[in-house]
Amino acid sequence: MSETIVKYAEMTPEENEKWQRFYEEIRQHDEATALKEAWREGFIEGFRNSYSKVIGERMRRTGFTEEQIKIALGEDYSEPPIQ
54 MSETIVKYAE
64 MTPEENEKWQ
74 RFYEEIRQHD
84 EATALKEAWR
94 EGFIEGFRNS
104 YSKVIGERMR
114 RTGFTEEQIK
124 IALGEDYSEP
134 PIQ
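Heads up, the sequence shown is in our numbering, so the first residue is 54 and it goes up one at a time.
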């Protein structure tokens, strides 16, 4: 560790600036990647929920019971609110 501190102290201001820019680019890339992944996961989850609602409604109109719909679409499918 002390060797690293010595090397850091020996860097010129230009080298220091170069490395700071490099690590900032890495940070920005990591942040963009994380945001993209979060957006993708949210999009997929939203699509699944919307798709399940459409399919559930079609099943309901054709005479399936709520229990049958839950079996087909998964236990996490929620029944629509009573209107």
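Cβ coordinates follow ideal geometry from the N, Cα and C atoms, glycine included. Please read these numbers as outputs of a predicted model, since none were measured by experiment.
Going by Cα to Cα distance, which pick from Ser105, Arg114, Phe117 is closest to Tyr130?
Ser105
What's the gap between the Cα of Gly99 and the Cα of Trp72?
40 Å
Do Ala91 and Met112 come within 8 Å of each other at the CB atom, strictly closer than that value?
no
Which same chain residues, not among the five before or five after Gln121, have their C-beta less than 8 Å away from its C-beta?
Met112
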